[in-house]
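Taken in order, the sequence shown gives residues 9 to 90; the numbers are from the numbering used here.
The beta carbon of each residue, even a glycine, is placed where N, CA and C say it ideally should be.
One structure is given here, and the rest of the page talks about it.
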Amino acid sequence: MAQFDETAKRRIRFQTRRGLLELDIVLRKFMANHFDRLSDDELEIFTAILALEDQEFLALINQTETPQRSDFEPLLAKIRAA
């Protein structure tokens with residue numbers, strides 16, 4: 009399990025700036041409401057999700073595709089709910 013200090017969290021915040029407006033809107037709300045309360049395990053999963061291409065990420069948010077990793081789903085649900 010990785011440890012996420014403030015520098016790592018700033019890097020993650022920067023990675024939430026995406027090329028698709030739809031993702032920017034969803035992620036902005038998620039970051040404002042949930043980011044500071046994520047555990048290190050959730051931050052590790054969030055980092056993996058952010059590594060996805062924008063179109064794949066949006067498809068997971070819109071539930072038009074299912075995640076290849078089952079550990080993505082709980083965090084994707086939090087992002088959708090934001």
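E73 and E64: beta carbons closer than 8 Å?
Yes; because the gap between Cβ atoms is below 8 Å, this pair is in contact.
If V68 and Q23 are in contact, beta carbons under 8 Å, what's the gap, nearest whole angstrom?
It is worth fixing the name first, because residue 68 is Leu in this sequence and not Val. Not a contact, Cβ separation roughly 16 Å.
Jot down the residue ranges of each uninterrupted alpha helix (DSSP H) in the segment 50–76, minimum 4 residues, whole runs only, in chain order.
The alpha helix (DSSP H) runs lying completely inside the segment 50–76 and spanning 4 residues or more are 62–69, given in chain order.
Using three-state DSSP, classify D79 as helix, strand or coil.
For D79, the secondary structure class from DSSP, reduced to helix, strand or coil, is coil.
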